[in-house]
Amino acid sequence: MASSLRWLVLYLISQLHLVLAQINASNIFIPEANTIIAINLPDDGSNDINFYVSSPDWYQYSAIGFGSSMANSLMLVMYPSADRKSVTVSPRFTNGNTEPTHRPVRITLHPGTELTTQMTANGTCHSCRNLQAAPFNPSIPANSPTAPVMFAVGPSSGAFSSDDLDARIRRHVAHGIFNIDVFKSTGSGGVGTPTNVTQHVTFPDGDSSLKKSSNKAATAHGILFAIAALAIAPFDTLVAAFLGRRWPKLHIASGSIYFLFVLGAMVPGIVISGQHVLTATMGTGHQVLGLLTVAVMVVMVGWGFVVRKKAGGQEVAGKGGWMKQVHAWGGRGIWVALLVNNGLGLKLSEQTRLLMLGYAVLAGGVFVFLIPIYFCLWRCTSARKPKTAEEDHELYNMPSIYDHEARFGYGRQ
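For the sequence shown, the positions run -21 to -1, 1 to 392 when mature numbering (1 follows the signal peptide of the UniProt record, and there is no 0) is used.
Written out as structure tokens, the structure reads:
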């Protein structure tokens, strides 16, 4: 009995292999993303591409692209529909490693397209195999034995869902590339019934693992601005207020480091702005406030040198006049603007509510921490502050209790 059961299992496995072999489609299972992709090329001369993509619904989107790089390649981006009962498939294009935008390519979705715990798209991209019109490169070049296909998944979706074919999407968190066997993927019958068995697929570098995507420019932008606003700016403010008169070079040094940090943080910010449709025109509140803050900072740096030059490098008595007050309050305003703009940046990049709350608490904590320090330094410097010439003159002219003429009226007319 056991022997018969074993032979039955072996027979069924052999038949399953034959069935899979008869399917004219390239099929790949990506375990790290729990994703299945299948590609079929009809042999009816239509240049259509039949596709099947199934990914978990916790991703914001799942996408495939026909080509070895994003530039000028046709991409099909799948995300939950507005009613979260099905999916939206958006054909898109980009000219580089930037957010792709919708292009009018005809897509037909077939039965099996649904949204459960998986986003599943079973469809046909019409006349997509050899797009000759600019700006696309041919998706699958003629007479090529293999064709590269890209794959990517977006970050955690949250509540994202849309019927808009040009809905904004965030940068992918993982990606990969594989080659389909064009000959074995060509034929009638569509993609068949895709399974978690990988067949008719090779990998360019022999590595089938999914690669995590990183955005080093965005990370550097956020970290540098956080350090500038939460550490360097308050330190420079204290130096300028309480040590700048006695040791002006110390304020020049701290201010220069502060200025360089801000410029260093701005550069990667400009780079990543060009990667997204929303920020490409530099018109968001975060970008406008950031550019204004940097512009004012440049003015205040020059203003500070003018104040020092006017003072002749000497210690300025009292509050130093209106020019010094403009420089001082301008610096404080820049610090507040940086703190606010960092929060706007977190919101623009759609960070988690927990991270934004943590930043708000940290920024508020910096103020609470600085208040007693500021007060103590103010008390110490006030106690040691030398009297001005006017105060000395008034003291010198006050009547003394030992001035007998003043006390007893001698010498009065």
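Positions of the beta carbon are idealized from the N, C-alpha and C atoms, including for glycine.
TODO: Could you check if Cys355 is buried or exposed, using at least 16 other CB atoms within 10 Å of its CB as the buried criterion?
DONE: Here residue 355 corresponds to residue number 376 of the sequence shown, with the count starting at 1. Exposed, by the Cβ-count rule.
TODO: Keeping to the same chain, check which residues put their C-beta closer than 7 Å to that of Leu318; ignore five residues upstream and five downstream.
DONE: By one-based count along the sequence shown, residue 318 stands at place 339. So the qualifying residues of the chain are Ala208 and Ala342.
- [ ] Per DSSP, which residues does Lys191 bridge with? Please list them.
- [x] The residue labelled residue 191 in the question sits at position 212 within the sequence shown. In the DSSP output, where bridge partners are listed per residue, Lys191 has Ala153.
TODO: Determine contact between the stretch 7 to 22 and the stretch 33 to 53, defined as no fewer than three beta-carbon pairs at a distance below 8 Å.
DONE: yes
TODO: Assign Pro70 to buried or exposed, taking buried as 16 or more other Cβ atoms, counted over all protein chains shown, within 10 Å of its Cβ.
DONE: For this step, residue 70 is matched to residue 91 along the sequence shown. So Pro70 ends up on the buried side.
Open item on the list: I need the boundaries of the beta strand (DSSP E) containing Tyr58, first residue and last residue.
Closed with: In the sequence shown, residue 58 corresponds to position 79, counting from 1. Per DSSP, Tyr58 belongs to the beta strand (DSSP E) from Leu53 to Pro59.
Open item on the list: Given this structure, state the Cα-to-Cα distance separating Asn320 from Gly269, to the nearest angstrom.
Closed with: Within the sequence shown, the letter at position 341 stands for residue 320. Within the sequence shown, the letter at position 290 stands for residue 269. The straight-line gap from Cα to Cα measures roughly 7 Å.
Task: Distance between Arg82 and Leu53 (C-alpha atoms, nearest Å) - done: Here residue 53 is taken as the residue at index 74 of the sequence shown, counted from 1. Here residue 82 is taken as the residue at index 103 of the sequence shown, counted from 1. Distance between the alpha carbons of Leu53 and Arg82: 9 Å.
- [ ] Please report the Cβ distance between Leu94 and Val68, rounded to the nearest whole angstrom; I am assuming they are in contact, meaning their Cβ atoms lie under 8 Å.
- [x] By 1-based counting over the sequence shown, the position of residue 94 is 115. By 1-based counting over the sequence shown, the position of residue 68 is 89. With a Cβ gap of about 12 Å, Leu94 and Val68 do not count as contacting.
Task: Proximal residues to Thr272 (C-beta, below 7 Å), its chain only, five neighbours per side dropped - done: Counted from its first residue, the sequence shown places residue 272 at position 293. Contacts found: Ile313, Ala316, Leu317 and Asn320.
Open item on the list: Can you list, in chain order, the residues of its chain with a C-beta nearer than 8 Å to that of Ile86? Leave out the 5 residues immediately preceding and following it.
Closed with: For this step, residue 86 is matched to residue 107 along the sequence shown. Only Leu55, Val68, Pro70, Gly102, Thr103, Cys104 and His105 meet the Cβ criterion.
- [ ] Use the C-beta contact count for Met304: other C-beta atoms within 10 angstroms, 16 or more gives buried, fewer gives exposed.
- [x] Position 325 of the sequence shown, counted from the start, is the residue given in the question as residue 304. Residue identity check: residue 304 is Gln in the sequence provided, not Met. Around the beta carbon of Gln304, a 10 Å sphere encloses fewer than 16 other beta carbons of the protein chains shown; the residue is thus reported as exposed.
Open item on the list: Does the stretch 36 to 43 come into contact with the stretch 148 to 162, if we say contact requires no fewer than three beta-carbon pairs (one atom in each stretch) closer than 8 Å?
Closed with: Touching, per the Cβ criterion.
Task: Residue range of the unbroken alpha helix (DSSP H) whose run includes Pro227 - done: Translated into the one-based positions of the sequence shown, residue 227 becomes position 248. First-last of the alpha helix (DSSP H) with Pro227: Pro227 to Ser252.
- [ ] Grab me the residues of Ser188's own chain with a C-beta within less than 8 Å of its C-beta, minus the 5 sequence neighbours each way, in chain order.
- [x] Walking along the sequence shown from the start, residue 188 turns up at place 209. Closer than 8 Å at the Cβ level, and outside the excluded window around Ser188, lie Glu11 and Gly155.
- [ ] Could you check if Cys107 is buried or exposed, using at least 16 other CB atoms within 10 Å of its CB as the buried criterion?
- [x] Counted from its first residue, the sequence shown places residue 107 at position 128. Buried is the label assigned to Cys107, since at least 16 other Cβ atoms lie within 10 Å of its Cβ.
Open item on the list: Whole angstroms are fine: how far does the CA of Asn3 sit from the CA of Ser252?
Closed with: Here the question's residue 252 lines up with position 273 in the sequence shown. Here the question's residue 3 lines up with position 24 in the sequence shown. So the two alpha carbons sit approximately 43 Å from each other.
Open item on the list: Quick check on DSSP: helix, strand or coil for Glu93?
Closed with: To locate residue 93, count along the sequence shown from 1; it is residue 114. Of the three classes helix, strand and coil, the one that applies to Glu93 here is strand, per DSSP.
Open item on the list: Tell me the rounded alpha-carbon separation between residue 402 and Phe130.
Closed with: The structure shown does not extend to residue 402, since the chain spans only -21 to 392, so no value can be given for it.
Task: For Phe45, the first and last residue of its enclosing beta strand (DSSP E) - done: Along the sequence shown, one-based indexing puts residue 45 at 66. Taken as a continuous stretch (DSSP letters only), the beta strand (DSSP E) holding Phe45 covers Ser41 to Phe45.
Task: Gly297 versus Trp308: straight-line alpha-carbon distance, rounded - done: Translated into the one-based positions of the sequence shown, residue 297 becomes position 318. Translated into the one-based positions of the sequence shown, residue 308 becomes position 329. Because Gly297 sits at a pLDDT of 48, beneath the cut-off of 50, its placement in the model cannot be relied upon, and the following sentence gives the value as read from the coordinates. If you take the alpha carbons of Gly297 and Trp308, they lie about 16 Å apart.
- [ ] Find the nearest neighbour of Lys163 within the set Ala100, Ser135 and Pro21, judged by alpha-carbon distance.
- [x] Reading the sequence shown from its first residue, position 184 is the one you call residue 163. Taking only the C-alpha atoms, the option nearest Lys163 is Pro21.
Open item on the list: Please report the straight-line C-alpha distance between Met261 and Ala339, rounded to a whole angstrom.
Closed with: Counting from 1 along the sequence shown, the entry for residue 261 is found at position 282. Counting from 1 along the sequence shown, the entry for residue 339 is found at position 360. Straight-line Cα distance between these residues: approximately 25 Å.
- [ ] Sort out for me which residues DSSP pairs Gly169 with in a bridge.
- [x] The sequence position of residue 169 within the sequence shown is 190, counting from 1. Partner(s): none; Gly169 has no beta bridge.
Open item on the list: Cutting at 7 Å between CB atoms, please list the residues of its own chain near Leu349, excluding the five before and the five after it.
Closed with: Within the sequence shown, the letter at position 370 stands for residue 349. Taken in chain order, the residues that qualify are Pro213.
Task: Beta-carbon gap between Thr177 and Phe8 smaller than 8 Å - done: Start at 1 with the first residue of the sequence shown, and residue 177 comes out as number 198. Start at 1 with the first residue of the sequence shown, and residue 8 comes out as number 29. Contact: yes.
TODO: Within the same chain, show all residues whose beta-carbon is closer than 7 Å to that of Leu257, passing over the 5 residues directly before and after it, in chain order.
DONE: In the sequence shown, residue 257 corresponds to position 278, counting from 1. Excluding residues within five positions, the ones whose Cβ falls inside 7 Å are Arg147 and Thr263.
Open item on the list: Among Ser65, Phe346, Asn19 and Asn175, whose alpha-carbon lies nearest the alpha-carbon of Ala210?
Closed with: In the sequence shown, residue 210 corresponds to position 231, counting from 1. For the residues Ser65, Phe346, Asn19 and Asn175, the minimum Cα distance to Ala210 belongs to Phe346.
TODO: Starting from the Cα of Asn122, find the closest Cα among Asp160, Thr331, Gln97 and Phe284 and give me that residue.
DONE: Position 143 of the sequence shown, counting from 1, holds the residue named residue 122. For Asn122, the nearest C-alpha among the options comes from Asp160.
Open item on the list: Which residues does DSSP list as the beta-bridge partners of Phe130?
Closed with: Mapped onto the sequence shown, residue 130 falls at position 151. When beta bridges are read from the DSSP output, Phe130 appears opposite Ile43 and Gly155.
Open item on the list: I'd like to confirm the pairing. Which residues does DSSP put opposite Asn29 in its beta bridges?
Closed with: Numbered from its first residue, the sequence shown carries residue 29 at position 50. As computed with DSSP, Asn29 is found in a beta bridge with Asn19 and Thr103.
- [ ] Kindly list the residues whose CB is nearer than 6 Å to the CB of Gln254, restricted to its own chain and excluding five residues on each side of it in sequence; keep chain order.
- [x] Here residue 254 refers to the residue found at position 275 of the sequence shown. Closer than 6 Å at the Cβ level, and outside the excluded window around Gln254, lie Thr77.
Open item on the list: So, with DSSP's three-state summary, where would you put Phe8?
Closed with: Counted from its first residue, the sequence shown places residue 8 at position 29. Here Phe8 sits in strand by DSSP.
TODO: Quick one: using the 10 Å Cβ neighbour count with 16 as the cut-off for buried, is Phe139 buried or exposed?
DONE: The count along the sequence shown starts at 1 and reaches residue 139 at position 160. Phe139 is buried by the Cβ-count criterion.
Open item on the list: Here's the rule I'm using: 16 or more other beta-carbon atoms within 10 Å means buried, otherwise exposed. How should Ser233 be labelled?
Closed with: For the purposes of this step, residue 233 is identified with residue 254 of the sequence shown, where counting begins at 1. Under a 10 Å Cβ-count criterion, Ser233 is classified as buried, with 16 or more other Cβ atoms of the shown protein chains found around its own Cβ.
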